[in-house]
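Structure, as structure tokens:
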Amino acid sequence: MNNRAFKSITPSDPKLVKARCERLVKNSDLVIFIENNCSNCIQIKEEIISPLIKNTPLQENFKVIDLNKISHGSLYKKYLRSKFGKKSTVPYVFIKGEYVLDEERIRNLLNEATANVRWI
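Mind the numbering: the sequence shown is residues 175 to 294 in my numbering, read in order.
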């Protein structure tokens, strides 16, 4: 898991939270916001995403943000819910900056993203 990006600063201002989320999504090929107690989050991360990106450059730039483990995780979740709808919930998966909700679409986008990359 990669929560290092969030340890250096813990913004509690909603504007800083928004800027931080948007910058992370924009600067990363693959980001997933999860909660460690969410079985769907773990399934998508471990059974869908991880096998598809194994040994590809996407693996190096894969960021997993556990909202239960970062400071002000509830503020990040609140921002994501406000942006994507009150009924939206974890996991929040972003591939090349695009929010992807559907598991099949996650598979398709990751297959496309890894099809033309050089394998490590």
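Where a beta carbon is used, it is the ideal one built from N, C-alpha and C, also for glycine. All values derive from a computational prediction rather than experimental measurement.
Compute the beta-carbon to beta-carbon distance between PHE268 and VAL191, rounded to the nearest angstrom, for a pair I have assumed lies under 8 Å.
Stepping through the sequence shown from its first residue, residue 268 is reached at position 94. Stepping through the sequence shown from its first residue, residue 191 is reached at position 17. Going by Cβ atoms, the distance from PHE268 to VAL191 rounds to 16 Å, so no, they are not a contact pair.
Quick one: is LYS251 buried, meaning 16 or more other Cβ sit within 10 Å of its Cβ, or exposed?
Looking up residue 251 in the sequence shown gives position 77. Result: buried.
Taking the alpha carbon of ASN201 as the reference point, which residue from ASN285, GLU221, ALA289, GLY271 has its own alpha carbon closest?
To locate residue 201, count along the sequence shown from 1; it is residue 27. Ranking ASN285, GLU221, ALA289, GLY271 by Cα distance to ASN201 puts GLY271 first.
So the candidates are ILE218, SER224, ASP203; which of them puts its Cα closest to the Cα of ASN235?
The residue you call residue 235 lines up with position 61 of the sequence shown. Minimum Cα distance to ASN235 is reached at ASP203.
Output needed for GLU210: all residues of its chain with C-beta closer than 6 Å, excluding positions within five of it in sequence on either side, in chain order.
Within the sequence shown, the letter at position 36 stands for residue 210. It is Asn, not Glu, that sits at residue 210 in the sequence shown. Hits under 6 Å: ASP240, ASN242.
Taking all protein chains shown into account, decide if LYS237 is buried (16 or more other Cβ within 10 angstroms of its Cβ) or exposed.
By 1-based counting over the sequence shown, the position of residue 237 is 63. Label assigned to LYS237: buried.
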